[in-house]
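K.L.:
Protein sequence lines, in the order shown, are assigned to chains A and B.
Take 461 as the starting number for the first sequence in my numbering and just add one per residue.
Take 461 as the starting number for the second sequence in my numbering and just add one per residue.
Every residue, glycine too, gets a C-beta built ideally from N, C-alpha and C.
Pasting a structure below so you can have a look.
2 protein chains.
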Amino acid sequence: MSNQGAEAAACCDVAQSALTEDAAVEMAAAFKALGDPVRLRLLSMIATAQAEQGVCVCELTPAFALSQPTISHHLKQLRQAGLIACERRGTWVYYWVMPGAIERLTAVLAGTVGEPAPVSV
Amino acid sequence: MSNQGAEAAACCDVAQSALTEDAAVEMAAAFKALGDPVRLRLLSMIATAQAEQGVCVCELTPAFALSQPTISHHLKQLRQAGLIACERRGTWVYYWVMPGAIERLTAVLAGTVGEPAPVSV
DNA sequence: GACTTGTATCGATTGTTGTCAATACAAGGT
DNA sequence: ACCTTGTATTGACAACAATCGATACAAGTC
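Have a look at this one:
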């Protein structure tokens with residue numbers, strides 16, 4: 461059953477109209493960052509309390525039964541996924557949600573179920 | 461710096477208005493399923509080609525440079541995450557996207573950045 | 001400058017995940 | 001009944017990820 465792919469590609473290749481491999485790699489990295497309960501809660505907390513100036517790490521850490529290095533590690537993951545950003549203000553570090561990051565994810569999900577692929581913007 | 465959480469909770473606990481831990485665990489499992497390029501493409505292909513009757517596995521497998529067991533394994537992950545469902549028709553197995561599954565994810569993302577939590581529906 | 005507090009990084013460990021080859025199961029054709 | 005083809009499961013292994021304690025760095029206070 462090895463290359464019956466040729467056959468399938470001949471008539472109607474399902475792969476063409478869906479996500480490209482590159483786009484999938486990029487978006488999967490973002491979804492993977494959300495694929496952990498701690499990170500999902502962190503993002504939610506940051507987004508919810510994002511009054512104006514961002515949320516201090518010192519408010520996030522005590523909400524979990526995890527060590528401080530672990531929380532710091534998860535924040536780094538979210539940062540590297542492009543979902544949040546941070547800035548040091550004096551002793552404290554403040555985090556906020558990257559504008560547009562969430563929208564990009566929902567766009568992919570919407571495109572996944574609806575239109576061909578709104579990957580462009 | 462151990463329980464300065466008490467202090468934070470006293471005035472304005474960030475954790476209250478965000479996702480609950482249980483909700484986070486549940487949703488993170490779904491996002492985790494999307495956190496792999498292969499699975500994201502599979503879902504996209506299934507959703508895109510979801511003309512009427514679902515997509516045959518034999519159309520999905522040849523689109524990847526992976527073994528058949530590996531694709532089958534990823535399909536199982538998506539199934540267990542409640543994102544897709546399948547049915548056997550004679551020799552072939554057809555997959556389709558679970559209605560409402562994508563919408564539930566986008567709702568969480570929207571809630572994460574916007575309103576308190578539209579998790580209800 | 002020494003001390004304290006908040007945050008990040010390092011190194012190690014343990015659990016999880018992606019992948020494959022081998023095999024089993026399901027269904028149709030001979 | 002046997003063979004062929006499509007799909008799922010099993011078992012193994014290498015790669016990765018989540019967690020921690022220890023430590024380093026940054027900035028403020030004495």
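1. In three-state terms, what does DSSP make of ALA545/B?
2. Got a sec, what are the start and stop residues for the alpha helix (DSSP H) LEU479/A sits in?
3. Apart from the five residues on each side of it in sequence, which residues of its chain come closer than 8 Å, Cβ to Cβ, to ALA490/A?
4. For THR521/A versus GLN513/A, is the C-beta distance shorter than 8 Å?
5. Hey, quick one: how far does the alpha helix (DSSP H) through MET505/A stretch, first residue to last?
6. Measure the alpha-carbon distance for MET505/B versus LEU494/A and round it to whole angstroms.
7. Closer than 8 Å, CB to CB, is VAL485/A near chain B or not?
8. Just to confirm before moving on: does the CB-CB distance between VAL498/B and TRP552/B stay below 8 Å?
9. To the nearest angstrom, report how far apart VAL485/A and LEU538/B are at their CA atoms.
10. Please name the residue, chosen from LEU502/A, PHE524/A, HIS533/A and THR530/A, that lies closest to VAL557/A on a Cα-to-Cα basis.
P.N.:
On the basis of the supplied data:
1. Here residue 545/B refers to the residue found at position 85 of the second sequence. Here ALA545/B sits in strand by DSSP.
2. The residue you call residue 479/A lines up with position 19 of the first sequence. Premise fails: LEU479/A is in no alpha helix (DSSP H) and is neither H nor E.
3. Start at 1 with the first residue of the first sequence, and residue 490/A comes out as number 30. Once the five neighbours on either side are set aside, the close Cβ partners of ALA490/A are ALA541, GLY542, LEU543, ALA561, ARG564 and LEU565.
4. To locate residue 521/A, count along the first sequence from 1; it is residue 61. To locate residue 513/A, count along the first sequence from 1; it is residue 53. Cβ atoms of THR521/A and GLN513/A: not closer than 8 Å.
5. Working through the first sequence from its first residue, we reach residue 505/A at position 45. Where MET505/A is concerned, the enclosing alpha helix (DSSP H) stretches over 497 to 508.
6. What you label residue 505/B is simply residue 45 of the second sequence in a count that begins at 1. What you label residue 494/A is simply residue 34 of the first sequence in a count that begins at 1. One C-alpha to the other measures close to 22 Å.
7. Start at 1 with the first residue of the first sequence, and residue 485/A comes out as number 25. Chain B contact via Cβ: present.
8. In the second sequence, residue 498/B corresponds to position 38, counting from 1. In the second sequence, residue 552/B corresponds to position 92, counting from 1. The answer is no: Cβ separation not under 8 Å.
9. Start at 1 with the first residue of the first sequence, and residue 485/A comes out as number 25. Start at 1 with the first residue of the second sequence, and residue 538/B comes out as number 78. So the two alpha carbons sit approximately 17 Å from each other.
10. Residue mapping note: residue 557/A aligns to position 97 of the first sequence, counting from 1. For VAL557/A, the nearest C-alpha among the options comes from LEU502/A.
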